[in-house]
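2 protein chains.
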Amino acid sequence: MIKHIRLSENFFFKQLFDRVSCTYSYLLADTETKEAILVDPVIDLAERDAKIIGNLGLKLKYSINTHMHADHITGTGVLKKLLPGSQSVISTASQALADKHVAHGDILEFGNHKMEVRSTPGHTNGCVTYVCHEQGIAFTGDTLLIRGCGRTDFQEGNPEILYDSVHNHIFSLPDNFRLFPAHDYNGILDTTVLEEKKFNPRLTKTKEEFVEIMNNLNLAYPAQIDKALPANKVCGLYNLPPEMEEKYKSVLKP
Amino acid sequence: MIKHIRLSENFFFKQLFDRVSCTYSYLLADTETKEAILVDPVIDLAERDAKIIGNLGLKLKYSINTHMHADHITGTGVLKKLLPGSQSVISTASQALADKHVAHGDILEFGNHKMEVRSTPGHTNGCVTYVCHEQGIAFTGDTLLIRGCGRTDFQEGNPEILYDSVHNHIFSLPDNFRLFPAHDYNGILDTTVLEEKKFNPRLTKTKEEFVEIMNNLNLAYPAQIDKALPANKVCGLYNLPPEMEEKYKSVLKP
Numbered sequence: 001m002i003k004h005i006r007l008s009e010n011f012f013f014k015q016l017f018d019r020v021s022c023t024y025s026y027l028l029a030d031t032e033t034k035e036a037i038l039v040d041p042v043i044d045l046a047e048r049d050a051k052i053i054g055n056l057g058l059k060l061k062y063s064i065n066t067h068m069h070a071d072h073i074t075g076t077g078v079l080k081k082l083l084p085g086s087q088s089v090i091s092t093a094s095q096a097l098a099d100k101h102v103a104h105g106d107i108l109e110f111g112n113h114k115m116e117v118r119s120t121p122g123h124t125n126g127c128v129t130y131v132c133h134e135q136g137i138a139f140t141g142d143t144l145l146i147r148g149c150g151r152t153d154f155q156e157g158n159p160e161i162l163y164d165s166v167h168n169h170i171f172s173l174p175d176n177f178r179l180f181p182a183h184d185y186n187g188i189l190d191t192t193v194l195e196e197k198k199f200n201p202r203l204t205k206t207k208e209e210f211v212e213i214m215n216n217l218n219l220a221y222p223a224q225i226d227k228a229l230p231a232n233k234v235c236g237l238y239n240l241p242p243e244m245e246e247k248y249k250s251v252l253k254p
Numbered sequence: 001m002i003k004h005i006r007l008s009e010n011f012f013f014k015q016l017f018d019r020v021s022c023t024y025s026y027l028l029a030d031t032e033t034k035e036a037i038l039v040d041p042v043i044d045l046a047e048r049d050a051k052i053i054g055n056l057g058l059k060l061k062y063s064i065n066t067h068m069h070a071d072h073i074t075g076t077g078v079l080k081k082l083l084p085g086s087q088s089v090i091s092t093a094s095q096a097l098a099d100k101h102v103a104h105g106d107i108l109e110f111g112n113h114k115m116e117v118r119s120t121p122g123h124t125n126g127c128v129t130y131v132c133h134e135q136g137i138a139f140t141g142d143t144l145l146i147r148g149c150g151r152t153d154f155q156e157g158n159p160e161i162l163y164d165s166v167h168n169h170i171f172s173l174p175d176n177f178r179l180f181p182a183h184d185y186n187g188i189l190d191t192t193v194l195e196e197k198k199f200n201p202r203l204t205k206t207k208e209e210f211v212e213i214m215n216n217l218n219l220a221y222p223a224q225i226d227k228a229l230p231a232n233k234v235c236g237l238y239n240l241p242p243e244m245e246e247k248y249k250s251v252l253k254p
């Protein structure tokens with residue numbers, strides 16, 4: 001049986017969940033400097049997240065998007081208001097507005113810890129996977145899900161590109177790296193490179209078979225996409241749907 | 001900031017979630033001997049759990065209940081059928097049928113790892129908390145929830161007893177022990193002894209104030225209790241509600 005890499009003593013890690021969109025958010029921190037980052041926060045839970053960060057005595061440096069989500073509005077806009085001094089982050093290729101843009105090969109630092117940016121397009125052009133090599137963990141967004149993967153039938157979806165992203169930039173990580181996706185709908189919280197290389201029902205196929213599977217999923221049009229994309233193009237800072245404008249008016253005031 | 005104790009290199013840990021009842025289940029294993037235990041499985045997800053255990057190459061020794069749940073049917077009955085050789089476990093004080101009964105001070109072993117049983121009644125008489133001292137983790141069932149606690153207004157609920165259980169047997173653990181409850185409804189996955197000692201809105205009060213709070217919650221009658229208790233009295237092995245009998249007939253045949 002494969003052994004996980006142990007987290008460093010000064011590395012704090014906390015996974016969080018949104019029951020509505022089944023999104024996972026990840027709070028990472030340096031326990032010595034208290035500098036923290038939050039991956040894929042959800043707007044409806046930004047207050048929960050800010051409270052936890054406060055309770056733990058952490059200082060949020062970056063709130064980070066793995067990509068421009070289509071199923072929920074990111075919490076990165078509200079969080080930079082709730083926790084002044086923090087910055088929103090997204091990839092340059094996403095073409096979304098943010099305080100900081102990242103591209104393949106960039107390194108994000110928080111305290112003494114580092115996170116590498118890997119461009120893993122296919123679900124969207126701007127999808128990235130974030131890798132903390134020393135901790136043996138990676139955040140795969142919607143590129144690779146547990147025993148699944150992100151859709152390739154909207155935004156800039158492309159199954160061939162997604163297949164290559166997973167095989168070249170995620171499956172090439174060590175087998176015992178733990179992978180944390182942006183979503184899971186079955187109550188499973190994490191997986192490993194080895195598990196997905198052995199058991200992923202789609203990505204263990206040949207590229208041709210994979211493309212065939214992805215092109216024949218016949219999924220419904222994403223319910224939240226028309227509300228989520230305009231807001232996520234600005235990292236949830238404005239362009240909220242009308243029913244949310246009022247709620248966040250005081251927080252997001254210019 | 002408090003530092004978590006690091007998990008031993010040969011200790012495997014995986015948290016799982018049931019979106020319907022918001023129940024957390026916990027898979028623990030010795031990575032060398034492959035012996036595993038599963039805390040608080042849910043019947044509807046027993047097949048998911050058995051598949052994960054199989055994928056990981058683990059051998060389930062015990063499927064364990066923290067108490068006789070009132071909100072869902074335990075998966076321990078189905079799991080002992082799906083994974084022959086495994087045994088169901090619950091406390092003697094719960095008065096439920098199981099392969100193995102535990103009481104305060106007992107030690108459950110899996111591979112080279114140990115888990116201590118602490119009697120923590122108050123939500124029910126049979127509630128226990130399981131503690132893995134070497135790993136700095138404890139499974140608190142419904143006794144202590146994240147910034148909350150289990151109800152004390154049905155079954156054998158008693159707020160004074162619950163208050164003493166938490167203060168004497170959970171808050172007495174080291175501050176940096178991570179606590180994993182049976183449920184959370186806000187997408188938070190774990191907490192620590194220190195966090196709950198500082199921020200639990202109920203259990204930071206005096207015992208008198210706590211009793212007053214608990215006696216005035218005016219909660220609705222639990223929706224699933226009349227279906228869950230008869231089945232959970234036999235660890236989910238039979239006495240299933242009629243609509244589930246058919247589904248599990250072939251698995252649970254005598």
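Heads up: the protein sequence lines correspond to chains P and H, in order.
Read in order, the letters of the first sequence correspond to residues 1 to 254 in the UniProt record's numbering.
Read in order, the letters of the second sequence correspond to residues 1 to 254 in the UniProt record's numbering.
Cβ atoms here follow ideal geometry from the backbone N, Cα and C, with glycine treated the same way.
Predicted, not measured: the structure shown is a model, and the values here were computed from it.
Comparing alpha-carbon positions, the option among H/TYR62, H/CYS149, H/VAL78 lying closest to H/LYS205 turns out to be H/CYS149. When DSSP assignments are scanned along the stretch 146–185 of chain H, the uninterrupted stretches of beta strand (DSSP E) that are 3 or more residues long and fall wholly within it turn out to be 178–181. Taking one beta carbon from each stretch, the stretch 164–177 of chain P and the stretch 107–124 of chain P have 3 or more pairs nearer than 8 Å; the two touch. DSSP places H/ARG118 outside any alpha helix (DSSP H); the residue lies instead in the beta strand (DSSP E), whose first and last residues are 113–119. Annotated three-state conformation of P/LEU144 is strand, per DSSP. If you compare the alpha carbons of P/PHE171, P/ASN239, P/ILE64, P/ALA220 with that of P/ALA228, the shortest gap goes to P/ASN239. At a C-beta separation below 8 Å, H/MET214 has no neighbours in chain P, since its nearest C-beta there lies roughly 23 Å away. When DSSP reads this structure, H/LEU38 sits in a beta bridge with H/LEU27, H/SER63. Here P/ASP18 carries a strand assignment [DSSP, helix/strand/coil]. Around H/MET68, no beta-carbon contact reaches into chain P at under 8 Å, the shortest distance being about 22 Å. In the DSSP annotation of this structure, H/ILE2 is not part of any beta strand (DSSP E), being labelled neither H nor E.
Between H/LEU16 and chain P, the shortest Cβ-Cβ separation is below 9 Å. Secondary structure in the stretch 52–101 of chain H: the beta strand (DSSP E) runs of 3 residues or longer, each lying completely within the stretch, are 59–64, 87–91 in chain order. The beta carbon of P/ARG178 sits closer than 7 Å to the beta carbons of HIS4, GLY136, ILE137, ASP190, THR192 from its chain, once the five residues preceding and following it are set aside; these are given in chain order. Between the C-alpha atoms of P/HIS72 and P/ALA223 there is a straight-line separation of about 10 Å.
Listed by position along chain P, the residues whose Cβ is nearer than 7 Å to that of H/ASN65 form an empty set, because the closest Cβ is around 18 Å away. Selection P/LYS61, P/SER94, P/THR66 evaluated against P/LEU83 yields P/LYS61 as nearest (Cα-Cα). The beta carbon of H/PHE154 sits closer than 8 Å to those of ALA70, TYR221, PRO222, ILE225, all from its chain and outside the five residues before and after it, given in chain order. Counting only the Cα atoms, P/LYS114 lies some 6 Å from P/ILE107.
Counting along the chain, the unbroken alpha helix (DSSP H) around H/GLU245 starts and ends at 242–252. H/PHE180 is outside the set of residues whose beta carbon lies under 9 Å from a beta carbon in chain P. Ranked by Cα distance from P/THR143, the first of P/TYR130, P/VAL251, P/PHE210, P/GLY122 is P/GLY122.
If you draw a 10 Å sphere on the C-beta of H/LEU217, you find fewer than 16 other C-beta atoms in it, and that means exposed. For P/GLU208, the enclosing alpha helix (DSSP H) starts and ends at 207–214. Distance from the CA of H/TYR185 to the CA of P/LYS198, rounded to the nearest whole angstrom, comes to 33 Å. Interface criterion not met: the Cβ of H/MET244 is under 9 Å from no Cβ in chain P. Contact annotation: P/TYR130 and P/VAL39 have beta-carbon atoms nearer than 9 Å. When the beta-carbon positions are compared, P/GLU156 and P/ASN112 stay at least 9 Å from each other.
Against chain P, a Cβ distance below 9 Å from H/MET115 picks out nothing, because the smallest value is about 19 Å.
Buried is the label assigned to H/VAL102, since at least 16 other Cβ atoms lie within 10 Å of its Cβ.
Closest in alpha carbon position to H/GLY54, among P/PRO230, P/ILE213, P/PRO242, P/GLU195, is P/GLU195. Contacts with chain H at 9 Å (Cβ-Cβ) do not include P/THR120. Counting only the Cα atoms, H/GLY187 lies some 6 Å from P/ASP18. Between P/ASP175 and chain H, the shortest Cβ-Cβ separation is not below 9 Å. Rounded to the nearest angstrom, the Cβ distance from P/ASN10 to P/GLU32 is 5 Å, consistent with a contact under 8 Å. Neighbourhood of H/LEU56 in chain P, by CB distance below 7 Å: MET1, in chain order.
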